[in-house]
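Asker: Numbering (this note's numbering), first residue to last: 1 to 455.
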Amino acid sequence: MIGQQFGPYEIVDVIGRGGMATVYRAWEPTVDRYVALKVLSHDILEDPNLLKRFQREARTVANLEHRAIVPVYAFGEHDGQPYIAMRYLDAGTLRKKLYYEEVTLGEAGRLIAQTAEALDYAHQRGVIHRDLKPSNILLDSVGNAYLTDFGIARILGSTSQITEGSGVIGTPSYMSPEQCQGKTLGPASDIYALGAILFEIVTGRTPYQADAPLTVMYMHVRDPIPSVRAIDPTLPEALEAVLMQALAKKPQDRFPTAGALAEAFNHAIHQPLGAPPPSQTPPPGVPIRARPPVPETDPSKELYIGPPTGYSEPVVDDLDDEPKPSGEGVRPPISGRTFAASFLGFVLLVGLIGGGVLLANSIQDEGRGLAAEPTLPPTVTPTSIDIVVTSIPTRGESTTIPVVEPSITPSATVTLSGIATATPSFTPGTAPVQPTNTPRPTTAVQPTALSLIHI
1 MIGQQFGPYE IVDVIGRGGM ATVYRAWEPT VDRYVALKVL SHDILEDPNL LKRFQREART
61 VANLEHRAIV PVYAFGEHDG QPYIAMRYLD AGTLRKKLYY EEVTLGEAGR LIAQTAEALD
121 YAHQRGVIHR DLKPSNILLD SVGNAYLTDF GIARILGSTS QITEGSGVIG TPSYMSPEQC
181 QGKTLGPASD IYALGAILFE IVTGRTPYQA DAPLTVMYMH VRDPIPSVRA IDPTLPEALE
241 AVLMQALAKK PQDRFPTAGA LAEAFNHAIH QPLGAPPPSQ TPPPGVPIRA RPPVPETDPS
301 KELYIGPPTG YSEPVVDDLD DEPKPSGEGV RPPISGRTFA ASFLGFVLLV GLIGGGVLLA
361 NSIQDEGRGL AAEPTLPPTV TPTSIDIVVT SIPTRGESTT IPVVEPSITP SATVTLSGIA
421 TATPSFTPGT APVQPTNTPR PTTAVQPTAL SLIHI
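1. Looking at the secondary structure, which residues open and close the beta strand (DSSP E) in which residue 78 lies?
2. Hey, would you say residue 236 sits closer than 8 Å to residue 268, going by beta carbons?
3. Check each candidate in 61, 116 and 137 and name the one with the smallest Cα separation from residue 96.
4. What alpha helix (DSSP H) runs, 4 residues minimum, are completely inside the stretch 216 to 278?
5. So residue 14 is in the beta strand (DSSP E); what residue range does that whole segment cover?
6. Residue ranges of each alpha helix (DSSP H) run of no fewer than 4 residues wholly in the stretch 89 to 116, ordered along the chain?
7. Check whether the stretch 119 to 138 and the stretch 173 to 187 are in contact - that is, three or more C-beta pairs closer than 8 Å.
8. By how many angstroms is the C-alpha of residue 189 removed from the C-alpha of residue 510?
9. Leaving out five residues on either side along the sequence, give the residues of the same chain with a beta carbon under 7 Å from the beta carbon of residue 474.
10. Rounded to the nearest angstrom, what separates residue 32 and residue 88 at their Cα positions?
11. Apply the 10 Å Cβ neighbour rule to residue 48 and answer buried if 16 or more other Cβ atoms are within range, or exposed otherwise.
12. Could you give the distance in angstroms between the alpha-carbon of residue 3 and the alpha-carbon of residue 247?
13. Helix, strand or coil: which one does DSSP assign to residue 118?
14. From residue 195 to residue 261, what distance separates their C-alpha atoms?
15. Provide the residue(s) that pair with residue 6 in DSSP beta bridges, ordered along the chain.
16. Please classify residue 142 as buried or exposed, where buried requires at least 16 neighbouring CB atoms within 10 angstroms.
17. Kindly give me the distance between the Cβ atoms of residue 258 and residue 116, rounded to whole angstroms, as I take these residues to be in contact under 8 Å.
18. Any idea if residue 254 is buried or exposed, counting beta-carbon neighbours within 10 angstroms, 16 or more meaning buried?
19. DSSP has residue 187 in a bridge; who is on the other side?
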């Protein structure tokens, strides 16, 4: 379509392409401006669910008029092909900025305050974003933040059933515990995601990292909240307290509004920096303020956890492409029993309710602007995954993952009981002690999958 006329717009080039739509940079000659033109793909025009999702995004954003939300100029159809024309922003996304630049705490406070203002505005009108992440925060030429991509937003009180049914869609790195469990979401879920973004800005990594997206979801629900001061001891103690509250496992324990979180963050970063005690050192292998940030999953794909056999729904890709640098700063994958416990636990839960897993095709962005990401060198691979968890009929009582209260421990481990260890010691200058009969340690019992996930 490059160089062609699409209604009143002249197609210039491609910004991004996904399974549901393609975004073009287009010229609107009647008003002398560029627009980001999102056009629904031809091959899914016959899918009523995806068409409803696309139309809902247009209506939702068109009704949200706020200075920090990317405005919709127009939406409609041209030759039977639906489209949305939005403001074109050529400075890229917060994801791109985090990848290429060091974001100061002061700048982070300003960007989060603008994003929080947009979130509170949407929440007051009953709109929950549900997929807040750095790649959905766009920047203009002077560095102002704009919230975008309301394609999976949910209207509070709405009974409409579209692609994801009554389940949820999101990106594992930023999904709240209740979102990972498929529960009903409120503003607190977006506040959790905003807290996860702040965590990434100040530490250079997301709160929970693992190779498998299901494991990341499990960690959001069960693992203690990581300590930012264990990663960077120079951060203010007040800042750690703010992030602990923002990432609280229970929605009612978080900040009441996104604005309250932004205000607390900005207050905390102006507190005196907490100098680390002489004996305090970061955990081995954990980068301190590592740049660029390393997302652990791939937003260019969606993971679909489906209902029982015989029931099918389409798999949808979102326009997104988050970079992952290779080499230094990349957290090694979880190994051994810790990974097995987390992964098997979640898989067993899904298996009990009859779910299946499919993986959609990857998306590649090809330019700059709305939802576009930077072109990366050959050594860089895309790395974040969008998750779709549909509601699944259950037999009898519903199965949920119990929530454990968080503590300020960097990570959770599985401890196996019954393994005895002997550590010999010798003190110079003392008389030798006569040996005594010591019973041999009992043989360690190998844990089963069920015993590993039982906490």
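Even for Gly, the Cβ is constructed at its ideal location relative to N, Cα and C.
As the structure is a computational prediction, the values presented were derived from the model and not from experiment.
Answerer: In short:
1. 72 to 78
2. yes
3. 137
4. 228 to 231, 237 to 246 and 258 to 268
5. 9 to 17
6. 94 to 100
7. yes
8. Any answer about residue 510 is impossible in this case: the structure gives the chain only from 1 up to 455.
9. Since the first and last residues shown for the chain are 1 and 455, residue 474 lies out of range.
10. 13 Å
11. exposed
12. 47 Å
13. helix
14. 8 Å
15. 9
16. exposed
17. 4 Å
18. buried
19. In DSSP, residue 187 forms no bridge with anything.
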